Structures are given as C-alpha cells and as structure tokens.
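Residue numbers (our numbering), protein chains in the order written: chain Z, 123 to 249; chain F, 174 to 496.
Set out below in structure tokens:
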C-alpha cells in the first residue's frame, strides 16, 4: 500500500492506494496517526481520498473508526471521498456510511471542507 | 452428524411476532395475491413459495438452542444440543412426540451461562421423565451453580433437584482438550464475552461443525484472528454470532461481546469454511431487517470472494441445514 498527501489550504488530503486489509491496515494506521494529530491540532480538515482503494476489510475500517474518534475529540473534521463501487458497498454493508462523512468526489469533500481548500485544489489541478 | 436444526436463533432475549407485525405481513401477502390464482391449495403453496421469507415466514423469536442431528439408522441415537435458551422447550416437546416414552439421553453443550442461554432448562419436559438423562457440558466452573441458582426462589418456584430428581448431570470440559461424546469429537475454545464464552468444534466422519456464538472479535489482534481461523478451518458449517453491524460492534457496542456479519464472512473466507449461518439475531430487528442483513451479507461474500464460494444463511427457528 502506498499513501500520498497533499495540503490544500486548511485541508489535508490523504490518498492511500490498493487493498486495506489485515496485511496493510497497520501500515495505514501508523501513517495516518501523526497526520491526524497534526490536523487535529490545527482543527483543520482531513479528507481521505479513496479513489485508488480497491478493497477495505474490517481491520481497515477499524482504523477509520479510530481516525474519526480522534478528529471528533479535537473538534476537527474527517471525511472520506471518491469510494470505488466495491468499497462503497462495504461501507454500506458495515454501516460505516452511517458513522463517517462520505462524499462522492474529492471536489465535493473539499467544497465541504472550506472554500480555500477547494480553490487551492482546483488551482493545482489546472496548473 | 448429518445436520443441524435451529430451535432458538434470537440474541439476548426471546421476542414474538406482534399483532401489528402479523397484520402487516397479511396485508402484504393479500396485495401480492391480487390477480394471482388462489383457488387450489397448490395455487396457494406456489404463491407463498414465491414470496420473500420475511413476508411468508418469520425468523422466530426463541433464544439460542441448536440441535445437532446425529446419523440415526437404528432410531435410538442420543440427542445432542448446543445451549438451552427458550428454544429448548420447543425441542423438548418435539423430542417427546418423536420418541414417546422411550428412555433417552440428551447431551447439551453450553456456550456460556447468561440467562438467554439457560432459560429453557426449567421447561425441558423430557427431563421430568424417569429413565431419561440430561448431561450438561461446559467449560465454566460455575456451570452447575448457575443452573441451580436459576431455579431457586424468589426467581423460580421449583428447584432443579425437585423437577429433575437427579436426571441432570454436569460435565466440565477442559478448553483445548478433545472429548468424545455421542460419537462426536468435540473441542472447545475460549471466546471474548463478559464472563467468558466457549465455542465448540464438532467433528465426525469427515464432517466439521463449529458453534461460535456470543463472541466478540478484537480486530487489532492478529493472534486472536489466527486462533479463530484455525478453529474454523475447513468447517462444513459455522454457526456464528452476527448480532450487530460492524460499525456498531466496534463503536458504541464495543465490549458488549458480540460480532458482525462482516467479521463472520472474513473469518470464514480465511478459514476456507463452506457454509456460514448467522444467528443470535438482534432482538430489535424485525423479519425485514434480518432479511436485509442476509441479502447484504451474501453480496459482501460475492464481492470479496476468493477461489471458492462461501454459502451464507440466516438461521430461523425451525431451519434445518444438512452437513
């Protein structure tokens, strides 16, 4: 699993790739925890861009639950964006779509995060 | 060991279909019958057979009790059960009707000693009959104490010794040690649940059945997962506590001692299980909700399937599954 990050104004976008399962969930957790701590400290937003995530198991979903708790405790915002169809079904079946904020696209997630974040993202995309 | 029959499938406490729930089903069935032929019994059977189970049937409401059906060519094999929830009363009536007054032995394996798993014993009529034996197996040191206490005043009017006159025996099973009972090779394993619970793996003539209810699975513990994968390995059927959604099980219902459909599918896929049967249904769920969980779980199995398919069922009172 590979994870990339981009800061757009007050919003950090974290984009893992591949499968998040019992082999890779610990790696995602280790990568994510300091990023969450930083975003929480700034009381900014963190968006998980799942466009390149093919599958997520219960162990991976647990990492998202931890992330959501950590951000909520700091009154910071966490959302997940651009789920592939299989991952969207897993979110629905596990009811994670009821406990996490899920956006259809990264544009939508950033628009929800802040105008500045969306503007920074669009500027980078058109650059 | 040829199969199982479920006598109680509801978690935590028994429930009953309400008048409003029955009325809803009747109205929906009558709507579905509009314009359909219903003149003959065959027409009616055809119509009902085409309706969803949540409409034409019910998942029932007794608490946990599962009968393991033993190969019985001579007609006199001992009875084997898991847990003594309220479903045990219905089983007892059926056993009496099946074999009448002939002396029988009943082997009952206990997952744990919470009310919903023991409440059927005081109403187990075959235990009242001289000549019958009821042998209760479990890995809790408090097995006999809990069953005696259940029938003490002020909670129950008649004590265990008065009703059963010594026909109930207690046998301790050491976890992880193999035991031979009624022709079955039986091993137990400690599970995570308040006050502990135990899963059972039954093996006989190449068939493997696992009974694993009231069991929470901590997702951050790979050794725990590996232990269960080993326990479930190559089972023909795993009867699994899928009471909660995954999100509930790891958030506000964490440490409540139960599991989810998602973890059931994952463990069974990792263990190369042939058939997963979900049980210990959430008591607030109606038939439509349980059927929706079943459909979603089958879909989850489909989109995550590896080399072999896993059959997925939802238990209901009266369901029989072959091994």
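From the three backbone atoms N, C-alpha and C, an ideal C-beta is built for every residue, glycine too.
In this text the structure is predicted, and so the values were computed from the model without any measurement.
Of the residues the options, the one placed nearest residue i, counting alpha carbons only
{"i": "residue 222/Z", "options": "202/Z, 236/Z and 159/Z", "result": "202/Z"}
{"i": "residue 223/F", "options": "267/F, 450/F, 238/F and 206/F", "result": "206/F"}
{"i": "residue 373/F", "options": "235/F, 253/F and 434/F", "result": "253/F"}
{"i": "residue 434/F", "options": "130/Z, 167/Z, 217/Z and 157/Z", "result": "217/Z"}
{"i": "residue 303/F", "options": "339/F, 355/F and 202/F", "result": "339/F"}
{"i": "residue 452/F", "options": "446/F, 490/F, 478/F and 443/F", "result": "490/F"}
{"i": "residue 200/Z", "options": "174/Z, 128/Z, 136/Z and 215/Z", "result": "136/Z"}
{"i": "residue 362/F", "options": "185/F, 391/F and 385/F", "result": "385/F"}
{"i": "residue 483/F", "options": "378/F, 174/F, 493/F and 443/F", "result": "443/F"}
{"i": "residue 207/Z", "options": "225/Z, 132/Z and 160/Z", "result": "225/Z"}
{"i": "residue 419/F", "options": "409/F, 407/F and 437/F", "result": "437/F"}
{"i": "residue 201/F", "options": "175/F, 290/F, 308/F and 221/F", "result": "221/F"}
{"i": "residue 380/F", "options": "266/F, 264/F, 191/F and 405/F", "result": "405/F"}
{"i": "residue 431/F", "options": "262/F, 388/F and 325/F", "result": "388/F"}
{"i": "residue 282/F", "options": "274/F, 316/F, 333/F and 459/F", "result": "316/F"}
{"i": "residue 148/Z", "options": "164/Z, 125/Z, 168/Z and 129/Z", "result": "125/Z"}
{"i": "residue 214/Z", "options": "239/Z, 234/Z, 140/Z and 183/Z", "result": "183/Z"}
{"i": "residue 333/F", "options": "343/F, 344/F and 320/F", "result": "320/F"}
Residue-level contact to chain Z via CB, residue i, 8 Å cutoff
{"i": "residue 464/F", "result": "no"}
{"i": "residue 476/F", "result": "yes"}
{"i": "residue 444/F", "result": "no"}
{"i": "residue 241/F", "result": "no"}
{"i": "residue 395/F", "result": "yes"}
{"i": "residue 392/F", "result": "yes"}
{"i": "residue 365/F", "result": "no"}
{"i": "residue 455/F", "result": "no"}
{"i": "residue 439/F", "result": "yes"}
Neighbour-count burial assignment, residue i, 16 or more Cβ in a 10 Å radius
{"i": "residue 216/F", "result": "exposed"}
{"i": "residue 180/F", "result": "buried"}
{"i": "residue 240/F", "result": "buried"}
{"i": "residue 403/F", "result": "exposed"}
{"i": "residue 328/F", "result": "exposed"}
{"i": "residue 219/F", "result": "exposed"}
{"i": "residue 454/F", "result": "buried"}
{"i": "residue 182/F", "result": "buried"}
{"i": "residue 318/F", "result": "exposed"}
{"i": "residue 185/F", "result": "buried"}
{"i": "residue 413/F", "result": "buried"}
{"i": "residue 347/F", "result": "exposed"}
{"i": "residue 256/F", "result": "buried"}
{"i": "residue 171/Z", "result": "buried"}
{"i": "residue 366/F", "result": "buried"}
Contact with chain F by residue i, beta-carbon distance below 8 Å
{"i": "residue 174/Z", "result": "no"}
{"i": "residue 193/Z", "result": "no"}
{"i": "residue 164/Z", "result": "no"}
{"i": "residue 211/Z", "result": "yes"}
{"i": "residue 144/Z", "result": "yes"}
{"i": "residue 201/Z", "result": "no"}
{"i": "residue 123/Z", "result": "no"}
{"i": "residue 158/Z", "result": "no"}
{"i": "residue 183/Z", "result": "yes"}
Limits of the alpha helix (DSSP H) - the one that residue i falls within
{"i": "residue 414/F", "result": "Run containing residue 414/F: none in the alpha helix (DSSP H); it sits in the beta strand (DSSP E), 410 to 414."}
{"i": "residue 181/Z", "result": "180 to 195"}
{"i": "residue 435/F", "result": "434 to 443"}
{"i": "residue 269/F", "result": "260 to 272"}
{"i": "residue 220/Z", "result": "218 to 221"}
{"i": "residue 230/Z", "result": "228 to 235"}
{"i": "residue 204/F", "result": "192 to 206"}
{"i": "residue 160/Z", "result": "147 to 164"}
{"i": "residue 229/F", "result": "226 to 229"}
{"i": "residue 318/F", "result": "316 to 323"}
Endpoints, beta strand (DSSP E) assigned at residue i
{"i": "residue 332/F", "result": "It is not in any beta strand (DSSP E) - residue 332/F carries neither H nor E in the DSSP assignment."}
{"i": "residue 486/F", "result": "484 to 487"}
{"i": "residue 359/F", "result": "357 to 364"}
{"i": "residue 460/F", "result": "Per DSSP, residue 460/F belongs to no beta strand (DSSP E); it is in the alpha helix (DSSP H), 460 to 476."}
{"i": "residue 279/F", "result": "278 to 282"}
{"i": "residue 308/F", "result": "306 to 311"}
Residue i beta carbon near the ligand MN (any heavy atom closer than 7 Å)
{"i": "residue 332/F", "result": "Because no ligand of any kind appears in the structure shown, any question about the ligand MN cannot be addressed here."}
Proximal residues of chain A, C-beta to C-beta of residue i below 9 Å
{"i": "residue 472/F", "result": "The structure shown contains no chain A; its protein chains are Z and F."}
Interfacial residues, the segment 214 to 228 of chain Z to chain F, with Cβ spacing under 8 Å: The segment 214 to 228 of chain Z vs chain F, Cβ under 8 Å: 214, 215, 216, 217, 218, 220 and 221.
Taking any Cβ of chain Z, which residues in the segment 419 to 436 of chain F have a Cβ under 8 Å from it, in chain order? The segment 419 to 436 of chain F vs chain Z, Cβ under 8 Å: 419, 420, 421, 423, 424, 433, 434, 435 and 436.
Positions along the segment 125 to 155 of chain Z whose CB lies within less than 8 Å of some CB in chain F: The residues in question are 144.
Contact residues within the segment 395 to 409 of chain F, judged by C-beta distance below 9 Å to chain Z: Against chain Z - using a Cβ distance shorter than 9 Å - the residues of the segment 395 to 409 of chain F are 395 and 398.
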